[in-house]
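Report on the following structure.
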Amino acid sequence: MPISIRRIKITDLPEMQQTNLSCLAENYGMWFWLYHYLTFPASSHCAVNSQNHVLGYVLSKMNDEPYRKATNEGLHALMTSVAVYNGYRKLGLGRQLMILSQRSSHECYKAEFVKLHVRETNRAGHQLYEKTLGYARIAVEKGYYVDGEDAWSMKYTFPKSEKELAEEAAKKQSTLQKKSRRGRK
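See below:
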């Protein structure tokens with residue numbers, strides 16, 4: 001049975017919500033799904049079978065302006081929820097969904113980095129995020145989940161483009177030249 005991964009459509013939301021209810025302890029009302037879809041439509045993706053039934057999804061959004069001002073963090077994506085039905089795990093769907101969502105957040109919304117939370121007991125999630133996708137654990141948030149379980153706060157920083165690296169090198173060179181001139185005086 002062919003599986004494809006694509007950007008979500010509004011008609012996917014009820015099935016995505018059902019996938020969430022079946023796979024995860026953290027569940028959300030339809031307004032929450034609709035908010036993500038309407039505000040950041042390019043960043044959430046789903047895996048579907050040939051009948052267009054959702055097999056897994058990643059729900060993502062960009063951090064809001066008030067949050068950025070309050071925390072002084074750069075523009076970044078937040079991976080809100082990732083789920084794949086049991087029968088479709090170990091096929092790389094979670095990895096593919098995450099990579100596509102990360103790329104879309106970076107290209108469409110200019111995200112500088114991506115953050116997420118994962119349960120401390122979710123070993124499969126740790127493997128995916130840390131070992132496979134290159135996320136770094138930045139903190140443990142005590143009692144983050146409703147049931148009191150701690151969460152790992154994780155961050156993925158996008159590699160710099162050739163242009164960004166060249167600009168940084170030019171700035172460093174300019175700074176060194178200025179310091180060198182001052183030293184000769």
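The sequence shown begins at 1 in the UniProt record's numbering and counts up one residue at a time. Backbone N, C-alpha and C define an ideal beta-carbon position, used for all residues, glycine too. Note that the structure is a prediction, hence the values are computed from the model and not measured.
- Using a Cβ distance threshold of 8 Å, I99 and C46 do not count as a contacting pair.
- Pairing N52 with L34, the inter-Cα distance amounts to about 19 Å.
- The straight-line gap separating the alpha-carbon atoms of A83 and E164 is approximately 34 Å.
- For the set R95, E112, Y85, N49, the Cα lying nearest the Cα of E73 is the one of E112.
- In this structure, the alpha-carbon of S60 lies about 7 Å from that of A77.
- One alpha carbon belongs to A166, the other to A42, and they sit about 29 Å apart.
- DSSP places M62 within a strand segment (E or B) once states are collapsed to three.
- Shown here for I138: same chain residues with a beta carbon closer than 7 Å to its own, the five before and five after excluded, namely S153, M154, K155 in chain order.
- Distance from the CA atom of V140 to the CA atom of L128, rounded to whole angstroms, is 18 Å.
- If you keep only unbroken alpha helix (DSSP H) runs of at least 4 residues inside the UniProt domain "N-acetyltransferase" (3-159), you get 13-23, 30-39, 65-71, 93-109, 123-126.
- In this structure V114 is in contact with S105, their Cβ atoms being roughly 6 Å apart against a cut-off of 8 Å.
- The residue among K178, S22, S174 with its C-alpha nearest the C-alpha of N86 is S22.
- Here DSSP, grouped into helix, strand and coil, assigns S161 to coil.
- With respect to the 8 Å criterion, Y144 and L97 are not classified as neighbours on the basis of their beta carbons.
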